[in-house]
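J.: Residue numbers (this note's numbering), protein chains in the order written: chain A, 1 to 65; chain B, 1001 to 1247. Note that beta-carbon positions come from the ideal geometry of N, C-alpha and C, so glycine has one too. Please read these numbers as outputs of a predicted model, since none were measured by experiment.
See below:
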């Protein structure tokens, strides 16, 4: 039986966990995310996520007005 | 006998003596290839199918940067390009990972079997459907599981497939793959695979010693992998660890 729409894939509410080992950054989760990055790529990805999160929060605030 | 592992211990599809003899008679050649040799390229017309007798082989696709995704792994007893019989060309390359011995079956012989023994053709069809079931499990693995889950799932699946082929005792099996191979199977970097293997060892789930795998905690590894062997259609999978997925 198919699941209800509410059971289907939703935006992730839990953060991924990044760890450093051997001069590399490992991002495990959420869900199936599994990637290895150089420190530079990890830092740039982190900044990009922070910037996008700020934009998304503004969009939510505008929608809620 | 070349066919002893083909469809061994598969639910409703194991070969009887006559069927086995017919496939044996259809074999035109037995060849051994060294490791890392391409034996069929995407787009090449094929007139034979290949039964793997010894060793490990892969099907793979390369991306535009030359980075490889292994899309299937084959073990002894697998009729690994049987789908080339109706398709006549493959959409992927086929290569050995280890030294591999294969039996070649001309498509003309499979055509003859279709006329002589329709029940045997149904079993060959079963083999290709089993490949498709494994592909679905690989999609699930890459789409839903984290790094540890992906490696754990591959190891559970390999244990089950080799158990069915008589090449695992249910917990221990030889697996002459490199960490780079595991990375290309699981969509991870080699260093990520190395880290996952260490985690599995530290959590006492699985040990890797040279080319041997020992599953220390089958239930724990299956739980980490969300592994249920039902898709492998093994006649008696009661000895294999499994988790129930929600219905």
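Are the C-beta of residue 34 of chain A and some C-beta of chain B separated by less than 8 Å?
T.: Yes, because at least one Cβ of chain B sits closer than 8 Å to the Cβ of residue 34 of chain A.
J.: How would you list, in chain order, the residues of chain B whose beta-carbon sits under 7 Å from the beta-carbon of residue 57 of chain A?
T.: What residue 57 of chain A touches in chain B: nothing, since even the nearest Cβ is about 27 Å away.
J.: Please classify residue 1225 of chain B: is it buried, with 16 or more other beta-carbons within 10 angstroms of its beta-carbon, or exposed?
T.: By the neighbour-count rule (16 or more Cβ atoms within 10 Å), residue 1225 of chain B is buried.
J.: Count Cβ pairs between the segment 1151-1159 of chain B and the segment 1179-1190 of chain B that sit closer than 8 Å; are there 3 or more?
T.: They touch, by the three-pair rule.
J.: Output, in sequence order along the chain, the residues in the segment 13-26 of chain A whose CB is closer than 7 Å to any CB in chain B.
T.: Taking 7 Å as the Cβ-Cβ cut-off against chain B, the residues of the segment 13-26 of chain A that qualify are 21, 22, 24, 26.
J.: Go ahead and label residue 1150 of chain B buried or exposed: buried means 16 or more other beta carbons lie within 10 angstroms of its beta carbon, across all protein chains shown.
T.: When all chains shown are included, residue 1150 of chain B counts as buried.
J.: Under the DSSP definition of a beta bridge, which residues are partnered with residue 1073 of chain B?
T.: Paired residue(s): B:1058.
J.: Suppose you measure from the CA of residue 1047 of chain B to the CA of residue 1222 of chain B; what does that come to, to the nearest Å?
T.: Cα to Cα, the separation comes out at about 40 Å.
J.: Please look up how many angstroms separate the CB atoms of residue 1051 of chain B and residue 1089 of chain B, rounded, as I've assumed it's under 8 Å.
T.: Actually they do not touch by this definition, with Cβ atoms about 19 Å apart.
J.: Nearest to residue 46 of chain A by alpha carbon, out of A:57, A:17, A:31?
T.: Ranking A:57, A:17, A:31 by Cα distance to residue 46 of chain A puts A:17 first.
J.: What is the DSSP secondary structure of residue 1065 of chain B, reduced to helix, strand or coil?
T.: It is coil, neither helix nor strand.
J.: Which of the three DSSP states is assigned to residue 65 of chain A in this structure?
T.: Coil at residue 65 of chain A, not helix or strand.
J.: So, is the C-beta of residue 1021 of chain B closer than 8 Å to a C-beta in chain A?
T.: No - not a single Cβ of chain A is within 8 Å of the one on residue 1021 of chain B.
J.: Give, in chain order, every unbroken run of the beta strand (DSSP E) that is at least 3 residues long and sits entirely within the segment 1067-1145 of chain B.
T.: Qualifying beta strand (DSSP E) stretches, in chain order: 1068-1074, 1093-1096, 1100-1106.
J.: Hey, residue 1147 of chain B and residue 1207 of chain B: beta-carbon distance below 8 Å or not?
T.: Result no, Cβ atoms of residue 1147 of chain B and residue 1207 of chain B do not sit closer than 8 Å.
J.: I'd like the list of long-range same chain contacts for residue 1192 of chain B, defined as Cβ closer than 6 Å, with 5 residues on each side in sequence excluded.
T.: For residue 1192 of chain B, where only same-chain residues beyond five positions count, the Cβ hits under 6 Å are 1147.
J.: Return no unless some Cβ of chain A is closer than 8 Å to the Cβ of residue 1195 of chain B.
T.: With 8 Å as the cut-off, residue 1195 of chain B counts as an interface residue toward chain A.
J.: For residue 1097 of chain B versus residue 1058 of chain B, is the C-beta distance shorter than 8 Å?
T.: Cβ atoms of residue 1097 of chain B and residue 1058 of chain B: closer than 8 Å.
J.: Could you compute how far the alpha carbon of residue 1005 of chain B sits from the alpha carbon of residue 59 of chain A?
T.: Rounded to the nearest angstrom, the two C-alpha atoms are 60 Å apart.
J.: With a Cβ-Cβ cutoff of 8 Å, do residue 1020 of chain B and residue 1234 of chain B count as a contact?
T.: Result no, Cβ atoms of residue 1020 of chain B and residue 1234 of chain B do not sit closer than 8 Å.
J.: Less than 8 Å between the beta carbons of residue 36 of chain A and residue 26 of chain A, yes or no?
T.: Cβ atoms of residue 36 of chain A and residue 26 of chain A: closer than 8 Å.
J.: Identify the contact partners of residue 31 of chain A in chain B, using a Cβ-Cβ distance below 8 Å as the criterion.
T.: Ordered by position in chain B, the residues that pass the 8 Å Cβ test against residue 31 of chain A are 1144, 1146.
J.: So the beta strand (DSSP E) residue 1182 of chain B belongs to, where does it begin and stop?
T.: Segment 1179-1186 is the alpha helix (DSSP H) holding residue 1182 of chain B; no beta strand (DSSP E) there.
J.: List the DSSP bridge partners of residue 1215 of chain B.
T.: B:1206, per the DSSP bridge assignment.
J.: Are any of the Cβ atoms in chain B nearer than 8 Å to that of residue 64 of chain A?
T.: Not an interface residue.
J.: Thinking C-alpha only, which one of B:1086, B:1095, B:1211 is nearest residue 1072 of chain B?
T.: Here the closest residue by C-alpha is B:1095.
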